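Participant:
2 protein chains.
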Amino acid sequence: MNPDAIKRSLAGSGLRSTPQRYAVMAFLMKQTSHPTAAEIFEAVNRVDPRSSRATIYNNLRDLVQAGLVREVAMEGRAARFDATGTRHHHFICDRCGKIEDMDWYAVPRPAAASLGKRVLRECELICRGLCTQCASRRAPTQDSGLKERINTWKKK
Amino acid sequence: MNPDAIKRSLAGSGLRSTPQRYAVMAFLMKQTSHPTAAEIFEAVNRVDPRSSRATIYNNLRDLVQAGLVREVAMEGRAARFDATGTRHHHFICDRCGKIEDMDWYAVPRPAAASLGKRVLRECELICRGLCTQCASRRAPTQDSGLKERINTWKKK
DNA sequence: ACAACTATTTAGATCATATCTAATCTGAAA
DNA sequence: TTTCAGATTAGATATGATCTAAATAGTTGT
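Chains as they are written, first to last, in the working numbering: chain B, 966 to 1121; chain G, 966 to 1121.
Structure (C-alpha cells):
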C-alpha cells in the first residue's frame, strides 16, 4: 500500500496524518505477525525515534476505534494488533501464545431469536491449539515452558 | 450441582478439594454472568473470608488448566471466567464490556489444508455488538461512556 | 492416631501492561 | 499566515497478574 492510500484512509476516518500515526499504521500493514504495543513501539522508533509510549497507545486506540486496526486480547499476555486489510480468523497457540491468521470463511450467525434485542456487529472465530512449530516439538518454544522446567528442577 | 459432585470433579483433575478452591468453583458454577478475578475474590470472601488474592489467581489458573473453567480475555479490561458446564458461544458488548452466553451451535472448522500441521483443540465464536441494554439507550451504561461525556464536557 | 510428604495458602513485594496528566506542539482549514 | 482543535510528550499513576518464601493443611502409609 502506498503512502497516499494510507493517508487517505486515515483522513477518511477523521484522523490527521501525523508522522507518528502514519508510522504505526504503515508498520502494521506490512506486518504479517501480530505485534504487541511494546513491539510496535520499538519497531517504529527504531526507524524514527519520535513516538512516546503514550502516543503508540493513543494511536492504537484511535485506529481500533476507526476500524482500521484490530485488537486481539490475550489471556495473561499483552494484547496484539493487526491492520484489518483482509478478513481472516485467528489461531492462537496454547503453548507459545503466537497468533496466526487463518483463511477467512463465512461463519453462521446466531439465530435472530437467540440474539433478541442485541445488535450484532461481527462474529469472529478464535481457534486454539498448537501451532506448527509447537506441535512438532516436545518442549514449548517460549517462556511458559522455561518456567515449567525451572519449577520441576527446583523441586529436586 | 451438589457439593460432592464438585469435589469429585476436582479430584478427577488431580486437584485437592480445599475450602478456598471449592468456594471458587461453587461460586462460578452458580453464576450466570462472567465475573472477573477481583469480583470472585470479593464474592468468595464475603461468605468466608479465607482466600487471599494470590489463592484466587492460583485456583483460577489451576481450574482453567484442568478444563473446568474457561477464561475469556478482554481488550483493555480484566479477564473474565466461567465454569464450562454447558457449551456456549460468547457475546461481548462493545460499549459496556459485559459478556453474555449465546446458545451453542456447531461452527464449521477450518479446512485441513488451511490448518497444515497445526493441532486444533477448539473453535469458539466471539460475537460483538451492543447488548440489549446498551442497544436501547443512547448513553453507555458504564465507564467508557462516562469518560466520553467528561471529555466532551471538559473541552467546553 | 501419628508421622511424613507434598500440595496449597498467605501477605506483601514485584512485575507487566495500560492509562492519565497537564504542558506543549502541529497539521491543515480558512 | 493565522488559528486552534487535534496530537504528542515524559513521567506519574492505575490496574491486573504473578512471584516469593514461609506457614499451613490435605492426604497417604503405618
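Built from N, CA and C at the ideal position, the CB exists for glycine as well.
These numbers come from a predicted model, not from an experiment.
1. Does DSSP put C1088 (chain B) in a helix, a strand or coil?
2. Provide the residue(s) that pair with T1001 (chain B) in DSSP beta bridges, ordered along the chain.
3. Just to confirm my understanding: we take C1092 (chain G), look at its own chain, exclude 5 residues before and 5 after, and list those with CB closer than 8 Å. What are they?
4. Measuring CB to CB, does R1083 (chain B) end up less than 8 Å from T997 (chain G)?
5. Check G977 (chain G) in the structure and name its three-state DSSP category.
6. Check the Cβ of E1040 (chain B) against every Cβ in chain G and list those closer than 9 Å, keeping chain order.
7. Kindly indicate which three-state DSSP category C1096 (chain G) falls into: helix, strand or coil?
8. For K995 (chain B), which of B:D1047, B:R1035 and B:G1094 has the nearest alpha-carbon?
9. Look up H1054 (chain G) in the DSSP assignment and give the residues it is bridged to.
10. For R1011 (chain G), is the classification buried or exposed, using 16 other Cβ atoms within 10 angstroms of its Cβ as the cut-off for buried?
11. Which residues, in order along the segment 1079-1092 of chain B, keep a beta-carbon less than 9 Å from a beta-carbon of chain G?
12. So with CB distances below 7 Å, who are the chain B contacts of F1148 (chain G)?
13. So is P1075 (chain B) buried or exposed if we call it buried at 16+ other beta carbons inside 10 Å?
14. Span of the alpha helix (DSSP H) holding V1072 (chain G)?
15. May I ask you to list, following chain order, the residues of the segment 990-1005 of chain G that have a beta carbon less than 7 Å from some beta carbon of chain B?
16. Taking 6 Å as the limit between beta carbons, can you name the residues of its chain near K972 (chain G), skipping five residues before and five after?
17. Which residue comes first and which comes last in the alpha helix (DSSP H) that contains A988 (chain B)?
18. Would you please verify whether the beta carbon of A1008 (chain G) is less than 8 Å from any beta carbon of chain B?
19. In its own chain, which residues sit with a C-beta less than 6 Å from the C-beta of P968 (chain B), not counting the 5 before and 5 after it?
20. Where DSSP assigns a beta bridge to E954 (chain B), which residues make up the other side?
21. How big is the Cα-Cα spacing for R1018 (chain B) and A976 (chain G)?
22. Hey, is A1019 (chain G)'s beta-carbon within less than 8 Å of any beta-carbon in chain B?
23. How is S1079 (chain G) classed by DSSP in three states: helix, strand or coil?
24. Using CA coordinates, which residue listed in B:R1015, B:A1038, B:S978 and B:A1008 is at the minimum distance from K1063 (chain B)?
25. Within this structure, are the beta carbons of D1059 (chain B) and L1090 (chain B) separated by less than 8 Å?
26. Taking the CB atoms as reference points, tell me whether S978 (chain B) and L1033 (chain B) lie closer together than 8 Å.
27. Which bits of chain G does S978 (chain B) rub up against, with CB to CB less than 7 Å?
28. Using 8 Å for Cβ pairs, my map puts S1029 (chain B) next to V1009 (chain B). What's the rounded Cβ distance?
29. Do you know how far the Cα of C1088 (chain G) is from the Cα of E1007 (chain B)?
30. List the residues of chain B that L1095 (chain G) touches, going by C-beta distances under 8 Å, in chain order.
Facilitator: By the coordinates alone:
1. For the purposes of this step, residue 1088 (chain B) is taken as the residue at position 123 of the first sequence. Strand at C1088 (chain B).
2. Taking the first sequence and counting its residues from 1, the one referred to as residue 1001 (chain B) is at position 36. According to the DSSP secondary-structure assignment, T1001 (chain B) is paired through a beta bridge with B:R1045.
3. Within the second sequence, numbered from 1, the residue matching residue 1092 (chain G) stands at position 127. These residues qualify, in order along the chain: H1054, H1055, F1056, I1057 and M1067.
4. Numbered from 1 along the first sequence, position 118 holds the residue referred to as residue 1083 (chain B). Numbered from 1 along the second sequence, position 32 holds the residue referred to as residue 997 (chain G). Between R1083 (chain B) and T997 (chain G), the CB-CB gap reaches or exceeds 8 Å.
5. For the purposes of this step, residue 977 (chain G) is identified with residue 12 of the second sequence, where counting begins at 1. DSSP places G977 (chain G) in helix when its eight states are reduced to three.
6. On the first sequence, residue 1040 (chain B) is found 75 positions in, with the first residue counted as 1. Scanning chain G for C-beta atoms nearer than 9 Å to the C-beta of E1040 (chain B) yields V1029, E1036, V1037, A1038 and A1044, reported in chain order.
7. On the second sequence, residue 1096 (chain G) is found 131 positions in, with the first residue counted as 1. Coil.
8. For the purposes of this step, residue 995 (chain B) is taken as the residue at position 30 of the first sequence. Looking at the Cα atoms, B:D1047 is the closest of the given residues.
9. What you label residue 1054 (chain G) is simply residue 89 of the second sequence in a count that begins at 1. In the DSSP assignment, H1054 (chain G) is bridged to G:M1067.
10. Translated into the one-based positions of the second sequence, residue 1011 (chain G) becomes position 46. Counting the other Cβ atoms within 10 Å of the Cβ of R1011 (chain G) gives fewer than 16, which makes it exposed.
11. Answer set for the segment 1079-1092 of chain B: S1079, L1080, G1081, K1082, R1083, V1084, L1085, R1086, E1087, C1088, E1089, L1090, I1091 and C1092.
12. As displayed, chain G neither begins before 966 nor continues past 1121, which places residue 1148 (chain G) out of reach and without an answer.
13. Taking the first residue of the first sequence as 1, we reach residue 1075 (chain B) at position 110. Buried, because 16 or more other Cβ atoms sit within 10 Å of the Cβ of P1075 (chain B).
14. As a position in the second sequence, residue 1072 (chain G) is number 107, starting the count at 1. Element bounds for V1072 (chain G): n/a, residue is neither H nor E.
15. From the segment 990-1005 of chain G, no residue has a Cβ closer than 7 Å to chain B.
16. Here the question's residue 972 (chain G) lines up with position 7 in the second sequence. So the qualifying residues of the chain are S982.
17. In the first sequence, the residue the question calls residue 988 (chain B) occupies position 23. Where A988 (chain B) is concerned, the enclosing alpha helix (DSSP H) stretches over P984 to M994.
18. Translated into positions along the second sequence, residue 1008 (chain G) becomes position 43. False, the Cβ-Cβ gap to chain B never drops below 8 Å.
19. For the purposes of this step, residue 968 (chain B) is taken as residue 3 along the first sequence, with counting starting at 1. Once the five neighbours on either side are set aside, P968 (chain B) has no close Cβ partner at all.
20. Outside the shown range of chain B, which is 966 to 1121, sits residue 954 (chain B), and nothing can be said about it.
21. The sequence position of residue 1018 (chain B) within the first sequence is 53, counting from 1. The sequence position of residue 976 (chain G) within the second sequence is 11, counting from 1. Taking the Cα positions, R1018 (chain B) is about 46 Å away from A976 (chain G).
22. Working through the second sequence from its first residue, we reach residue 1019 (chain G) at position 54. Output row for A1019 (chain G): interface = no.
23. Position 114 of the second sequence, counted from the start, is the residue given in the question as residue 1079 (chain G). The three-state secondary structure of S1079 (chain G), taken from DSSP, is helix.
24. Indexing the first sequence from 1 puts residue 1063 (chain B) at position 98. Looking at B:R1015, B:A1038, B:S978 and B:A1008, the one whose alpha-carbon comes closest to that of K1063 (chain B) is B:A1038.
25. On the first sequence, residue 1059 (chain B) is found 94 positions in, with the first residue counted as 1. On the first sequence, residue 1090 (chain B) is found 125 positions in, with the first residue counted as 1. Their beta carbons are not under 8 Å apart, which means D1059 (chain B) does not touch L1090 (chain B) by this criterion.
26. In the first sequence, the residue the question calls residue 978 (chain B) occupies position 13. In the first sequence, the residue the question calls residue 1033 (chain B) occupies position 68. Yes, they are a contact pair.
27. Position 13 of the first sequence holds residue 978 (chain B). Near S978 (chain B) there are no residues of chain G at all, since even the closest Cβ is about 17 Å away, more than 7 Å.
28. Your numbering for residue 1029 (chain B) matches position 64 in the first sequence. Your numbering for residue 1009 (chain B) matches position 44 in the first sequence. Sequence check: residue 1029 (chain B) is Val here, not Ser. V1009 (chain B) and V1029 (chain B) do not touch by the CB rule: their CB atoms are close to 16 Å apart, not below 8 Å.
29. As a working note, residue 1007 (chain B) is residue 42 in the first sequence. As a working note, residue 1088 (chain G) is residue 123 in the second sequence. In this structure, the straight-line span from the alpha carbon of E1007 (chain B) to that of C1088 (chain G) is close to 33 Å.
30. Looking up residue 1095 (chain G) in the second sequence gives position 130. Result: R1083, V1084 and R1086.
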